[in-house]
Amino acid sequence: MNENLNKKLVYDPLHELMEYYSKAKTETKAKSKKKAISIEDKLKQRIIDGDKIGLQSDLDDALKKYSALEIINEILLDGMKDVGELFGAGQMQLPFVLQSAEVMKNAVSYLEQFMEKTEGDSKGKIVLATVKGDVHDIGKNLVDIILTNNGYTVFNLGIKCSVETMIDEFNKRNANAIGMSGLLVKSTLIMKENLEVMNEQNLTIPVVLGGAALTRRFVENNLSKIYNGHVHYAADAFDGLRFMKKVKAGEFSSNINQTEISSQDVEEQQDSLVGSDAKISLYEKTNTNRQSNITRLDSLPKPPFWGTKLALDIQLDEIFPYINETALFRGQWQYKKKNKTDEEYDLVLKEKVLPVFENLKNEIKTKKLLNPEVVYGYFPAQSDGNDLIIFVPQTYSENQITNIWDLNGELKVNEVKEYLRFTFPRQNKAPHYCISDFIAPLGSDKFDVAAFQVVTVGKTASEYSHQLFNDDHYTDYLYFHGMSVETAEALAEYWHKKVREELNIADKDSRDIKKLFQQGYQGARFSFGYPACPNLEDQNKIFKLLNPSRIDVSLTEEYQMIPEQSTSAIIIHHPEARYFLI
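In terms of my numbering, the sequence shown opens at residue 21 and continues consecutively.
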């Protein structure tokens, strides 16, 4: 991400960061370099260290002793095996793994000229795809990187892929397995449908499933029971690697051996079980007639306008402070704390990770890789049981609704008409919350206000991410993709604050931006696909109100937004509004 988009970052901290974790063996390595170490050990260590400088010269030396295929299979892949073991033991962070994969990729690319095409037979072949309607591909692409650089052939079909396309590619390529990925809860339902289609065709292809909304328990207790073949859950890319080894060896148990799961994996999965399983069950829950005891407000905020507005001239320097660094560093970039103390982890962030963050912010601004834009609006609203009703002027057409309109002061019943309704689930148990409860009820003498927003950092973000991936710049790909996703989230947080300011309720905001991530303000911002509002089809209604095509945001057939780095939300101002599970 330099003058040439295909170049890597000017400041590459990965070697420094690697040395930070490798202090104990730095002196040993330095001493060993003084000795005449074998070419085999040299190449293997290059893979582990992610060191490309002088790689071609070492490969030329190795070619004097080994064939190209022997170098790959007996030396380089052995190095990648060690990388996988270090990652599994928590001794190597994901960015290091990707740098090792870059060295592996470069080495194989150089050695290919010395191999006959028939020599290039892989360990096994897998078809990978993000399921129909889903636009998220970072997890799938990480699996691609790890498998490809461990000797497997990957047919990566990209995003929004139907099961029919996967099956056709599987047959065409004579592959050994299919991998399905997806981010949101709806994608887990698509996976279930895909497995049922495969049953109908009497297929027993080994299938591996992965994605943020999946849990091992859901895959093993639900999906594996409906499919006639073998279904495996992959918590990370190396689970995918273990899966392919089992496929080729014919070592099938009903699922990935539970003894292979670390205690930390179990803890992380247990932490996510409640949320993920609750989300999935939402599709099966019906309404209750119970009501909550939400306070009815005597006074309601008055919006600065009714209708919608565009915000196109937003500076990135205004957005960056709202990036959730924990979500970026630990979640997107996967710098895990593991067994480090707070002090040790903070030192890693301060001395090593934050320089990457600052450098990337500068590169993004210089190259204009992110373009933050917002469409938002305020609409008169009332509630009717579990329904949130949106009103518009009696005489307005569809085109007029997505502009600014004003009803000259206080709204009157005869001036507006019901335009659309959102129906939300209600908790079966106390306190019986439902989003509609936070809006004044139908028949009130005043109309409440509901705000909506769609934000994006632009299509260049997705295009540049794909370019980095296709150019085998794996570490830059991880960094930039994660940064673009979290910048979109930061834009949503930033604009929600603007909405609170316009509604004159921002005086309740915490002065600590980090506390805003924990709802340190009045009201709440709800996005579809989460427990309180699980129905992704309601994205259509937000799009009907706001017309986000004006900022080049569209919906897939499964109601997910393109570009991927976009979010939508309903904003509720009520002081008792909070996030809750159903």
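Note that CB positions come from ideal geometry on N, CA and C, so glycine has one too.
In the DSSP assignment, K145 falls within the beta strand (DSSP E) that extends over K145 to T150. Approximately 13 Å separates the beta-carbon atoms of I210 and V155; this is outside 8 Å, ruling out the contact.
Take C454, set aside five residues on each side of it, and the residues of its chain with a beta-carbon closer than 6 Å to its own are N406, F444 and R446, in chain order.
Around the Cβ of N194, a 10 Å sphere holds fewer than 16 other Cβ atoms; the residue is exposed. Of the residues assessed, S485 falls on the buried side of the cut-off, its CB having 16 or more other CB atoms within 10 angstroms.
It is roughly 28 Å from the alpha-carbon of N313 to the alpha-carbon of E522. In the three-state reduction of the DSSP assignment, G178 falls in the coil class.
Excluding five sequence positions before and after I582, the CB atoms of its chain that fall closer than 6 Å to its own CB belong to V155 and S574, given in chain order. Residue environment for F325: exposed (fewer than 16 other C-beta atoms within 10 angstroms of its C-beta).
Take the alpha-carbon of Y342 and the one of V373: they are about 17 Å apart. When the five nearest sequence neighbours on each side are left out, the beta carbons in the same chain lying within less than 8 Å of the beta carbon of G549 are those of L204, V205, K206, K299 and L556, in order along the chain. Here DSSP, grouped into helix, strand and coil, assigns A82 to helix. Residue range D362 to V368 is occupied by the alpha helix (DSSP H) that includes L367, with no beta strand (DSSP E) assigned at that position. Taken through DSSP and simplified to helix, strand or coil, K388 comes out as coil. Of the other Cβ atoms in all chains shown, 16 or more fall within 10 Å of the Cβ of G159; this residue is therefore buried. Excluding the 5 residues flanking it on each side, I384 has same chain C-beta neighbours closer than 6 Å at L390, in chain order. Across the structure, Q65 and M264 are spaced so that their CA atoms are roughly 25 Å apart. Collapsing the DSSP output to three states places D98 in a helix. When DSSP states are grouped into helix, strand and coil, Y453 belongs to the coil group.
Rounded to the nearest whole angstrom, the CA to CA distance from E271 to S120 is 28 Å. In the same chain as L131, and ignoring 5 residues on each side of it, the C-beta atoms closer than 7 Å to its own belong to L79, A88, I91 and I92, in chain order.
Between the beta-carbon of K72 and that of N161 there is about 21 Å, and that puts the pair past the 8 Å contact cut. Between the alpha carbons of T476 and I57 lies a distance of about 52 Å. If you draw a 10 Å sphere on the C-beta of E338, you find fewer than 16 other C-beta atoms in it, and that means exposed.
Between I198 and K329, the gap from beta carbon to beta carbon reaches 8 Å or more. Counting along the chain, the unbroken beta strand (DSSP E) around R441 starts and ends at V436 to T443. Apart from sequence neighbours up to five positions away, the residues of its chain that approach Q559 with a beta-carbon distance below 7 Å are F548, L575, Y579 and S588, ordered along the chain.
Looking at the backbone, the Cα of D468 and that of I525 are separated by about 14 Å. With 16 or more other CB atoms across the displayed protein chains lying within 10 angstroms of its CB, T495 is buried.
Our two residues, Y86 and D102, have alpha carbons roughly 21 Å apart in a direct line. Looking from the CA of D492, the closest CA among N419, G74, E94 and S129 belongs to S129. Contact between V474 and V395 is confirmed by a C-beta separation of about 5 Å, below the 8 Å threshold. When C-alpha distances from V436 are compared across T415, F442, Q420 and K449, the shortest belongs to T415.
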